[in-house]
Amino acid sequence: MDCIFCKIANGEIPSKKVYEDDTVIAFYDLEPQAPTHILVIPKQHITSAADITSENSAVIAHIYEVIAKLSKDLKLENGFRVVNNCGEDGGQTVMHIHFHLMAGRKLAWPAG
Ligand code: AMP
Ligand code: ZN
217 MDCIFCKIAN GEIPSKKVYE DDTVIAFYDL EPQAPTHILV IPKQHITSAA
267 DITSENSAVI AHIYEVIAKL SKDLKLENGF RVVNNCGEDG GQTVMHIHFH
317 LMAGRKLAWP AG
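Here's what the structure looks like:
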């Protein structure tokens, strides 16, 4: 499958990794929108939040554990935002589910 995040997960495409385990990888976004901007993805291909099922949801729960760990390791004590863009209107451009972990500045709300 021609999926850029599958290729990052299997090492075919390099990334600046901050965390990796058997099921999840986290790496810095190429075009950061905040001083800290990390993408956390499952290694298995799940297209979007619309494709989460009882069979694959454990890895999504694990992603939030990884986010909590990263927030401590990276000392994001001022807070952070987790964003999951889903589908065209949601602004999803890479069709492999990913969670943006953004921090380091006051983020506007509601998001455009
Ligand atoms: P989204 O618009 O929610 O689908 O987010 C996709 C994100 O992936 C964007 O923030 C891009 O900057 C980022 N991105 C695309 N290709 C790469 C890559 N090779 N390495 C790191 N980040 C990437
Ligand atoms: Zn993929």
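Numbering-wise (this note's numbering), the sequence shown opens with residue 217 and increments by one. We put the CB at the ideal spot given by N, CA and C, even for glycine. Treat the numbers as computed from the prediction; the structure is a model and nothing was measured.
Assignment of His253 by DSSP, reduced to helix, strand and coil, places it in the strand class. Beta bridge pairing from DSSP links Tyr244 with Ile254. For the pair Val298 and Cys219, the Cα-to-Cα distance works out to about 22 Å. Proximity of the beta carbon of His278 to the ligand ZN is not indicated: no heavy atom of the ligand is located closer than 7 Å.
Secondary structure note for Lys288: its alpha helix (DSSP H) is the uninterrupted segment Ser273 to Asp289.
The straight-line gap separating the alpha-carbon atoms of Asp305 and Lys285 is approximately 30 Å. One thing to note: Ile279 has its Cβ within 8 Å of the Cβ of Val256.
The continuous stretches of alpha helix (DSSP H) do not include Ala319, which lies in the beta strand (DSSP E) extending over residues Phe315 to Ala319. Residue burial is scored here from C-beta neighbours: Ile229 has fewer than 16 other C-beta atoms within 10 angstroms and is therefore classed as exposed.
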